[in-house]
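Using the working numbering, read the sequence shown as starting at 1 and increasing by one per residue.
Don't be surprised by glycine CBs; every beta carbon is placed ideally from N, CA and C.
Structure, as structure tokens:
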Amino acid sequence: MEVCIPLIPGRGNKIINKADSMDIRKPTLFIDERIARDNIRIMAAKAARLRVQFRPHFKTHQSVEVGKWFLQAGVTAITVSSVTMARAFADAGWNDITIAFPLNIKETEEVCALAARIKLNVLFDSPEQAAALAKVLKQPAGFFIKVDTGYHRAGVLPGDRETMEAILSVAAAGPLEFRGFLTHAGQTYMAGSPEAVLQVSHKSRALLAGLKEAYSGRSPGLMTSVGDTPSCSMGEDFSGADEIRPGNFVYYDLMQLRLGSCRFGQIAAAVICPVVSVYPSRNQALIYGGAVHLSKESLMQPDGSKIFGLAVPITGDRWSFPEGEDYMVSLSQEHGLMRTVSGWAASLRPGDLVAVIPVHSCLAADLLKDTFTSLVQ
Numbered sequence: 001m002e003v004c005i006p007l008i009p010g011r012g013n014k015i016i017n018k019a020d021s022m023d024i025r026k027p028t029l030f031i032d033e034r035i036a037r038d039n040i041r042i043m044a045a046k047a048a049r050l051r052v053q054f055r056p057h058f059k060t061h062q063s064v065e066v067g068k069w070f071l072q073a074g075v076t077a078i079t080v081s082s083v084t085m086a087r088a089f090a091d092a093g094w095n096d097i098t099i100a101f102p103l104n105i106k107e108t109e110e111v112c113a114l115a116a117r118i119k120l121n122v123l124f125d126s127p128e129q130a131a132a133l134a135k136v137l138k139q140p141a142g143f144f145i146k147v148d149t150g151y152h153r154a155g156v157l158p159g160d161r162e163t164m165e166a167i168l169s170v171a172a173a174g175p176l177e178f179r180g181f182l183t184h185a186g187q188t189y190m191a192g193s194p195e196a197v198l199q200v201s202h203k204s205r206a207l208l209a210g211l212k213e214a215y216s217g218r219s220p221g222l223m224t225s226v227g228d229t230p231s232c233s234m235g236e237d238f239s240g241a242d243e244i245r246p247g248n249f250v251y252y253d254l255m256q257l258r259l260g261s262c263r264f265g266q267i268a269a270a271v272i273c274p275v276v277s278v279y280p281s282r283n284q285a286l287i288y289g290g291a292v293h294l295s296k297e298s299l300m301q302p303d304g305s306k307i308f309g310l311a312v313p314i315t316g317d318r319w320s321f322p323e324g325e326d327y328m329v330s331l332s333q334e335h336g337l338m339r340t341v342s343g344w345a346a347s348l349r350p351g352d353l354v355a356v357i358p359v360h361s362c363l364a365a366d367l368l369k370d371t372f373t374s375l376v377q
């Protein structure tokens, strides 16, 4: 059986029956529910075993229905990446939400409305953000100080106590409750080995733990929150962290496979694409699936070339394990060129279907919201 899962903000609600499930005419995102549920169960069990709170990030799937799979696994607190996403999941019944993006001052009114409905946490990495919300907030809301532990995307540097003190000072003017320190060690994605990933994770957790200790006398009950799929998937030691917020693990992807975060059999997302043309003389095939479906995310090969996904066979209504290095080697807006090196790929004909494992499932899931389909056992 197959069902189409509605994604926020309410698009993609067509029901696809098994009988016509492979009548795919354009790039379509397929999710294997069994694999995704297993990934959720494994991560939830790890968090329980290692005694950290599990607050998964929902930015990967952005699906109200997939959210129910988490709820059924015992998850009660979640992370999102925008006010819009927080509102959508609050509407779906989630009552404990952290918006893991530094506060956009232009959205303080929307944040206030959410704080009146649910247990809400926001992020500050500047005193201006804290002052703007403290000035208008009527209901209590929690806040974390976002700490830059090496990714250099957002956050206060660990040694910048002046900015931290300024945030705490202006936040005290409103009904804001200091929850602790939060980071996203995104530099794990650039680590060259599992050992390097775990080293980055250890350093990030140690920095947060030091800040928690320094401020614990002023604000008892502070938390440290970390979140990146590589370290949460590979790690078996979360000392120094009170909470983990991985997101990509629900589907995984080619990047996570390359990093060592997962096995191929744990990848739960693939984009089903029609073959448009084949070019045997150059061992390539043209598929209907380009940058607007898969994104331009790429992985570097040892020879310096880039790949944009891995094409694998479809058996029945599911994708199979790869039969060779049949990579997507080029993407334009709507088209993709696939290298056809395996026997299966060399036998493709126009009108056939291939499954492309995306480099980054978060982006593919967002780009293909309208086509999202779940495979269920």
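| Query | Result |
| --- | --- |
| Return the CA-CA distance between residue 76 and residue 164, expressed in angstroms with no decimal places. | 29 angstroms |
| Roughly how far, in whole angstroms, is the beta-carbon of residue 261 from the beta-carbon of residue 230, given that I think they are within contact range, below 8 angstroms? | 5 angstroms |
| So, are the CB atoms of residue 339 and residue 375 less than 8 angstroms apart? | no |
| Give me whichever residues DSSP pairs with residue 201 in a beta bridge. | DSSP lists no partner for residue 201. |
| Taking just the CA atoms, how far does residue 188 sit from residue 122? | 24 angstroms |
| On the DSSP letters alone, give me the boundaries of the alpha helix (DSSP H) that residue 68 sits inside. | 64-72 |
| Among 269, 245, 93, which residue has its Cα nearest to the Cα of residue 407? | Within the shown structure, residues of the chain are numbered from 1 to 377, placing residue 407 beyond reach of any answer. |
| Please report the distance separating the alpha-carbon of residue 307 from that of residue 292. | 16 angstroms |
| Would you list the one or two residues that DSSP bridges to residue 97? | 78, 120 |
| From which residue to which residue does the alpha helix (DSSP H) around residue 223 run? | No alpha helix (DSSP H) contains residue 223, which is instead part of the beta strand (DSSP E) from 223-226. |
| Between the Cα of residue 60 and the Cα atoms of 346, 311, 253, which residue gives the shortest distance? | 253 |
| Apply the 10 Å Cβ neighbour rule to residue 279 and answer buried if 16 or more other Cβ atoms are within range, or exposed otherwise. | exposed |
| Tell me which residue opens and which closes the beta strand (DSSP E) that residue 185 is part of. | Careful: residue 185 lies outside any beta strand (DSSP E) and carries neither H nor E. |
| Which residue marks the beginning of the beta strand (DSSP E) containing residue 270, and which one marks its end? | 269-279 |
| Roughly how many angstroms separate the alpha carbons of residue 151 and residue 366, rounded to a whole number? | 23 angstroms |
| Output the residue ranges of the beta strand (DSSP E) runs that lie fully inside the segment 266-349 and measure 3 residues or longer, sorted by chain position. | 269-279, 284-288, 309-312, 328-331, 335-339 |
| Based on Cα-Cα distance, which residue from 192, 56, 323, 219 lies nearest to residue 79? | 56 |
| Please state whether the Cβ-Cβ distance between residue 290 and residue 336 is less than 8 angstroms. | yes |
| In terms of alpha-carbon separation, which member of 216, 206, 214 lies closest to residue 226? | 206 |
| Let's test the definition: count the other Cβ atoms within 10 Å of the Cβ of residue 74 and tell me whether it reaches 16, buried, or not, exposed. | exposed |
| Roughly how many angstroms separate the alpha carbons of residue 239 and residue 85, rounded to a whole number? | 30 angstroms |
| Taking the alpha helix (DSSP H) that residue 355 falls in, what are its first and last residues? | Looking at the DSSP string, residue 355 is not in any alpha helix (DSSP H); the run it does join, the beta strand (DSSP E), is 353-358. |
| Measure how close the beta-carbons of residue 70 and residue 102 come, nearest whole angstrom, since I'm counting them as under 8 angstroms. | Not a contact, Cβ separation roughly 25 angstroms. |
| Would you mind working out which of 87, 345, 357, 47 sits nearest residue 63, comparing C-alpha positions? | 87 |
| Please confirm whether residue 243 and residue 52 have their CB atoms less than 8 angstroms apart. | yes |
| Does the beta carbon of residue 74 fall short of 7 angstroms from some heavy atom of the ligand ATP? | The ligand content of the structure shown is nil, which means the ligand ATP is not present either. |
| Can you tell me whether residue 224 is buried or exposed? The criterion is at least 16 other CB atoms within 10 Å of its CB, across all chains shown. | buried |
| If distances are taken between C-alpha atoms only, which option among 97, 68, 93, 92 comes closest to residue 82? | 97 |
| Would residue 258 and residue 299 be called neighbours here (beta carbons separated by less than 8 angstroms)? | yes |
| I need the DSSP call for residue 146, collapsed to helix, strand or coil. | strand |
| Decide if residue 173 is buried, meaning its Cβ has at least 16 other Cβ atoms within 10 Å, or exposed. | exposed |
| Check whether the Cβ atoms of residue 273 and residue 251 lie closer than 8 angstroms to each other. | no |
| Below 8 angstroms between beta carbons: does that hold for residue 326 and residue 345? | yes |
| Using a Cβ-Cβ cut-off of 8 angstroms, state whether residue 85 counts as contacting chain D. | Going by chain labels, chain D is absent from the structure shown, which holds only one protein chain. |
| Decide if residue 195 is buried, meaning its Cβ has at least 16 other Cβ atoms within 10 Å, or exposed. | exposed |
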